[in-house]
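Working notes, structure below.
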Amino acid sequence: MTSVSILGSTGSIGLQTLEVIDAEPERFSVAALSAATSIDQLIAQAKKYRPQLVIVAHERDVQRVQQELPSGCEVACGIDGLVAASALADVTVNAIVGFAGLPVTIATLKAGKRLALANKESLITASPVVERVRRTAGASLLPVDSEHCAIFQCLGASHGKDAQVARLILTASGGPFRGRDAASLEGVTIADALQHPTWSMGPKITVDSSTLMNKGLEVIEAHALFGTPYDQIDVVVHPQSIVHSMVEFTDGTTIAQLSLPDMRLPIGYALSYPDRLQTPFGGLDLLSSSTLTFEPPDRSLFRCLDLAYAAGRLGGAAPAWLSAANEVAVEEFLAGRLEWAQISDVVSSTMDRYVADPLDTVEAVYEADAHSRSAARSVVAGMRRTND
Ligand code: NDP
Ligand code: MG
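Add 1470 to the 1-based position in the sequence shown for the working numbering, that's all there is to it.
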């Protein structure tokens, strides 16, 4: 039996992780659950799965959750609670959204446990630090992001044999605005941006998919996970989301991973590796599936992709700045205070203020995040003054 802590259990990845566990209950048990605002849902989950530990983000919720939990189930709060949960189980699924997921990534690897990583932001912002803690005895990092799970599978016996890999090819659905021109993107609404054609995900990553920032973050994620140089990481748009990514080898072979777009497959893979689930999430009927097409991304319209490549190549604290600036811009957009087309402007202007800075401690990561957020907020304020 594999025990699993699911941090961010009320979100899209968290809920799908619980579906995987429901499908194979003889194989997995739940050790810890966490949420930030969805407290009723968290209590209901705790009653069903009876974990040892439940973590809330805010002190104000502790007492209420404590009163409603079944016996044997403890409540903890904030970062300390997340850190305790990360050391508890055989596998920790980091399903928190954004920079708030950083303590889980660090603590799980430091505890020498398996990290099933959906929270790409923590790896992107802190990759030099993550690289170090990944070497802890017993620690392992299994990507949940579908593209990286695909690459992990395609690498197969070539894991660690960098000289055999010609390039990684990340696929992108293209998001809801694929094929549009600049004029038709003026004034697109929040609802338009949240209308993803192939995946059903939380709001932040759905907006990131609409700007192609998600793919940019994934390029940095691929570099951090597999050590592949940026010149050997390419992006192709594949609107059907059936091919989840590919590895091209030096002998001309390209290996791809195919399945229907269903996150339960990569989640289950990360939980059960090196075995596989017995439940075929995302199983494919090739005879009834549509044609598979591939096209280049529109880099001039979806500028976030190249902003991410640039930050990745700069290294140091630049990816942390990029990710924090993007979080600020997406929050402002989702709050109705920024136009969709201004998201890339905020990221670009914030990155103009970045001064090369190394990043080798967790404290430096928090500092870089704070500096970038403050720069991004002043960029947004400047834009608002110009708009008024
Ligand atoms: P959701 O917004 O659906 O869920 C986020 C989860 O994190 C919720 O449980 C939420 O709790 C919790 N949370 C939010 N803020 C905080 C905080 N400050 N402290 C602690 N917990 C917090 O996001 P997704 O599930 O879509 O995405 C999660 C991560 O997985 C992201 O990094 C995303 O990029 C990545 N990912 C997601 C995919 C998907 O298909 N959804 C695919 C690939 C990667 P509450 O509900 O209480 O607010
Ligand atoms: Mg992805």
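By construction, the Cβ of each residue, glycine as well, lies at the ideal position given by its N, Cα and C atoms.
Closer than 7 Å: residue i CB and nearest the ligand MG heavy atom
{"i": "S1628", "result": "no"}
Burial state of residue i, where buried means 16 or more other Cβ atoms lie within 10 Å
{"i": "M1716", "result": "buried"}
{"i": "I1727", "result": "Checking the displayed sequence, the identity of residue 1727 turns out to be Gln instead of Ile. By the neighbour-count rule (16 or more Cβ atoms within 10 Å), Q1727 is buried."}
{"i": "A1851", "result": "exposed"}
{"i": "F1764", "result": "exposed"}
{"i": "M1733", "result": "buried"}
{"i": "A1581", "result": "buried"}
{"i": "P1699", "result": "exposed"}
{"i": "H1841", "result": "buried"}
{"i": "P1709", "result": "buried"}
{"i": "Q1537", "result": "exposed"}
{"i": "Q1812", "result": "buried"}
Proximity below 8 Å, CB of residue i to CB of residue j
{"i": "V1835", "j": "V1526", "result": "no"}
{"i": "L1754", "j": "L1730", "result": "yes"}
{"i": "Q1634", "j": "P1646", "result": "no"}
{"i": "H1560", "j": "T1487", "result": "Strictly speaking, residue 1560 in this sequence is Asp, with His absent from that position. Not a contact, by the Cβ cut-off of 8 Å."}
{"i": "A1642", "j": "L1695", "result": "no"}
{"i": "G1568", "j": "E1797", "result": "yes"}
{"i": "I1737", "j": "V1614", "result": "yes"}
{"i": "V1474", "j": "V1535", "result": "no"}
{"i": "P1521", "j": "A1506", "result": "no"}
Residue i beta carbon near the ligand NDP (any heavy atom closer than 7 Å)
{"i": "V1567", "result": "yes"}
{"i": "I1491", "result": "no"}
{"i": "A1570", "result": "yes"}
{"i": "A1826", "result": "no"}
{"i": "P1521", "result": "no"}
{"i": "P1673", "result": "yes"}
{"i": "S1770", "result": "no"}
{"i": "I1860", "result": "In the structure displayed, the chain extends from 1471 to 1858; residue 1860 sits before or after that span and is not available."}
{"i": "K1590", "result": "yes"}
{"i": "T1480", "result": "yes"}
{"i": "A1505", "result": "yes"}
{"i": "I1483", "result": "yes"}
{"i": "A1555", "result": "no"}
{"i": "M1716", "result": "no"}
{"i": "M1733", "result": "yes"}
{"i": "S1508", "result": "yes"}
{"i": "A1596", "result": "no"}
{"i": "A1692", "result": "no"}
{"i": "A1840", "result": "no"}
{"i": "A1577", "result": "no"}
Residue range of the unbroken alpha helix (DSSP H) whose run includes residue i
{"i": "P1613", "result": "That residue, P1613, is in no alpha helix (DSSP H); its beta strand (DSSP E) goes S1610 to P1613."}
{"i": "F1696", "result": "M1683 to F1696"}
{"i": "R1783", "result": "C1774 to L1784"}
{"i": "Q1727", "result": "It is not in any alpha helix (DSSP H) - Q1727 instead sits in the beta strand (DSSP E) that spans T1724 to L1728."}
{"i": "S1556", "result": "G1548 to S1556"}
{"i": "F1803", "result": "A1788 to L1804"}
{"i": "A1740", "result": "R1734 to S1742"}
Continuous beta strand (DSSP E) stretch holding residue i: start and end
{"i": "A1642", "result": "V1635 to A1642"}
{"i": "S1814", "result": "Segment Q1812 to D1822 is the alpha helix (DSSP H) holding S1814; no beta strand (DSSP E) there."}
{"i": "S1482", "result": "Taken as a continuous stretch (DSSP letters only), S1482 belongs to no beta strand (DSSP E), being part of the alpha helix (DSSP H) at S1482 to A1493."}
{"i": "S1595", "result": "Looking at the sequence itself, residue 1595 is Thr, so the reference to Ser does not match. That residue, T1595, is in no beta strand (DSSP E); its alpha helix (DSSP H) goes K1590 to T1595."}
{"i": "L1587", "result": "R1584 to L1587"}
{"i": "T1472", "result": "T1472 to L1477"}
{"i": "H1629", "result": "Unbroken run through H1629: none, as it is neither H nor E."}
{"i": "A1565", "result": "Unbroken run through A1565: none, as it is neither H nor E."}
{"i": "A1826", "result": "Neither: A1826 is in no beta strand (DSSP E) and is coded neither H nor E."}
In chain order, what are the residues with a CB under 7 Å from some non-hydrogen atom of the ligand MG? This criterion selects D1615, S1616, E1617, N1684 and E1688.
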